[in-house]
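Just below is one structure, and these are the notes that go with it.
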Amino acid sequence: MPFVVHAVPCLADNYAYLIHDQTTGATAVIDVPEAAPVQQALAAQGWTLGDILITHHHSDHIDGVDALRAATGAKVRGARADAHRLPPLDHALSDGDSFSIGSETCTVLDVSGHTLGHVAFHFPESRLAFTADSLMALGCGRLFEGTPAQMWDSLTKLMDLPADTVICSGHDYIKGNAAFAQTVDGDNPDLQARIARSRMDRAEGRPMAIAPLALELATNPFLRAGDPGMKAALGMAQASDAEVFAHLRALKDRF
């Protein structure tokens, strides 16, 4: 049976994600912006936390880790390359490493760009990828530490996952991301349909940071940097995909 995923709203627009293996009862959380909402969700579900997975070092993803570990005894996993600025790790991970949560195996992907040492967690059996601030709903993270080339490499890696993979990202930024996407890809009917649907999803209280990869490939302007129509619209028909991505990221930074 696939994991049950429970999105936990935190802070102003962050999400932590609880995943629960219905076969073994194993439970993990991906990122802990603050401990209390995660503890409340665990209690409400009747789940016992065993693992804390960290994507990157920013405080709005790790500030609750120490308190949650103290309360639950959960083991902490995060990037070896980022260990010097993460809470103490029980398990340090590198690109391509794998580990198990209950009956499922997770693969670690280095997705540096937003930060150096940022990782994503891919669970192929449940068709889930937790991408935090690398690939986001209708967007990607601002490049605080990495280069456009690094981020494009990371996004390309995520684009190569199966199209039915569900992307669980770190923030609800979809309103601003949608507004930007319309300025560079406004004639895209898939984008227009997604924006209309997102309004209904928000009204019905659905998490706004979760979407199938297939939908991101069709509507996320940063993933469409290689599309000939996108290139032509930007006046960059002869540019490389990476150059178009860098241009789009610069436009978004000024948006």
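Count the sequence shown with the numbering used here and you get residues -16 to 238, in order. Using N, Cα and C, we set each Cβ at its ideal position, and we do this for glycine too.
* Asked: In chain order, which continuous runs of the beta strand (DSSP E) of length 3 or greater are located wholly inside the segment 124 to 211?
  -> With a minimum length of 3 residues, the continuous beta strand (DSSP E) runs that stay inside the segment 124 to 211 are 149 to 152, 193 to 195.
* Could you tell me how far apart the beta carbons of D155 and M191 are, in whole angstroms, since I believe they sit closer than 8 Å? => One-based indexing of the sequence shown puts residue 155 at position 172. One-based indexing of the sequence shown puts residue 191 at position 208. That pair is a contact at about 4 Å.
* Starting from the C-beta of D4, find all residues in its chain whose C-beta is less than 7 Å away, skip the five residues before and the five after it, and write them out in chain order. => The count along the sequence shown starts at 1 and reaches residue 4 at position 21. Closer than 7 Å at Cβ, skipping near neighbours: F(-14), I84, G85, S86, E87.
* Asked: Going by other Cβ atoms of all chains shown within 10 Å of its Cβ, with 16 needed for buried, is H101 buried or exposed?
  -> Indexing the sequence shown from 1 puts residue 101 at position 118. With 16 or more Cβ atoms within 10 Å of its Cβ, H101 is classed as buried.
* Asked: Bridge partners of M213, per DSSP?
  -> Position 230 of the sequence shown, counting from 1, holds the residue named residue 213. Under the DSSP definition of a beta bridge, M213 lacks any partner.
* To do: State the DSSP-derived secondary structure class of R60, mapped to helix, strand or coil.
  => One-based indexing of the sequence shown puts residue 60 at position 77. Residue state for R60 is assigned as strand, using DSSP reduced to three classes.
* Could you check what DSSP says for L121 in three-state terms: helix, strand or coil? => As a working note, residue 121 is residue 138 in the sequence shown. Coil.
* Inter-residue Cα distance where the pair is S18 and R63 -> The residue you call residue 18 lines up with position 35 of the sequence shown. The residue you call residue 63 lines up with position 80 of the sequence shown. It is worth fixing the name first, because residue 18 is Ala in this sequence and not Ser. Rounded to whole angstroms, the gap between the alpha carbons of A18 and R63 is 23 Å.
* Asked: What residue range is occupied by the uninterrupted beta strand (DSSP E) comprising H101?
  -> Taking the first residue of the sequence shown as 1, we reach residue 101 at position 118. Here H101 belongs to no beta strand (DSSP E), and DSSP marks it neither H nor E.
* Three-state class that DSSP yields for A(-5) in the structure shown -> The residue labelled residue -5 in the question sits at position 12 within the sequence shown. In the three-state reduction of the DSSP assignment, A(-5) falls in the coil class.
* In whole angstroms, what is the alpha-carbon distance linking R52 and G153? -> Numbered from its first residue, the sequence shown carries residue 52 at position 69. Numbered from its first residue, the sequence shown carries residue 153 at position 170. When the Cα atoms are used, R52 and G153 turn out to be separated by approximately 20 Å.
* So, is G8 buried or exposed, given that buried needs 16 or more other C-beta atoms within 10 angstroms? -> What you label residue 8 is simply residue 25 of the sequence shown in a count that begins at 1. By the neighbour-count rule (16 or more Cβ atoms within 10 Å), G8 is not buried but exposed.
* Asked: Taking one C-beta from the segment 140 to 148 and one from the segment 106 to 118 each time, how about it: are there three or more such pairs within less than 8 Å?
  -> As far as the Cβ criterion goes, the segment 140 to 148 touches the segment 106 to 118, which means the pair count is three or higher.
* To do: Taking S83 as part of the beta strand (DSSP E), name the residues at either end of that continuous run.
  => Counting from one through the sequence shown, the residue named residue 83 turns up at place 100. Segment 81 to 84, the beta strand (DSSP E) holding S83.
* Endpoints, alpha helix (DSSP H) assigned at E226 -> By one-based count along the sequence shown, residue 226 stands at place 243. Looking at the DSSP string, the run of the alpha helix (DSSP H) that includes E226 is 224 to 237.
* So, helix, strand or coil for A220, using DSSP? -> Numbered from its first residue, the sequence shown carries residue 220 at position 237. In the three-state reduction of the DSSP assignment, A220 falls in the coil class.
* Asked: Are three or more beta carbon pairs between the segment 68 to 79 and the segment 111 to 118 nearer than 8 Å?
  -> In short, these stretches do not touch, since the Cβ pair count stays below three.
* To do: Could you give the DSSP three-state label for V254: helix, strand or coil?
  => Given that the chain is displayed from residue -16 to residue 238, the structure contains no residue 254 and the question cannot be resolved.
* Does the beta-carbon distance from L121 to A164 come in below 8 Å? -> For the purposes of this step, residue 121 is taken as the residue at position 138 of the sequence shown. For the purposes of this step, residue 164 is taken as the residue at position 181 of the sequence shown. Yes, they are a contact pair.
* Neighbourhood of D80 by C-beta distance below 6 Å, restricted to the same chain and skipping five residues each side -> In the sequence shown, the residue the question calls residue 80 occupies position 97. Same-chain partners within the cutoff: V91.
* To do: Identify, in the order they occur along the chain, each residue of the same chain with its Cβ nearer than 6 Å to the Cβ of D(-4), setting aside the five sequence neighbours on each side.
  => Working through the sequence shown from its first residue, we reach residue -4 at position 13. H154, D155, listed in sequence order.
* Asked: Among P20, F205, W135, which one has its Cα closest to the Cα of G47?
  -> For the purposes of this step, residue 47 is taken as residue 64 along the sequence shown, with counting starting at 1. The shortest CA-to-CA distance from G47 to any of P20, F205, W135 is the one to P20.
* Give the secondary structure of T7 by DSSP, where H, G and I count as helix, E and B as strand, and everything else as coil. => For the purposes of this step, residue 7 is taken as residue 24 along the sequence shown, with counting starting at 1. T7 sits in coil when the DSSP states are folded into three classes, being neither helix nor strand.
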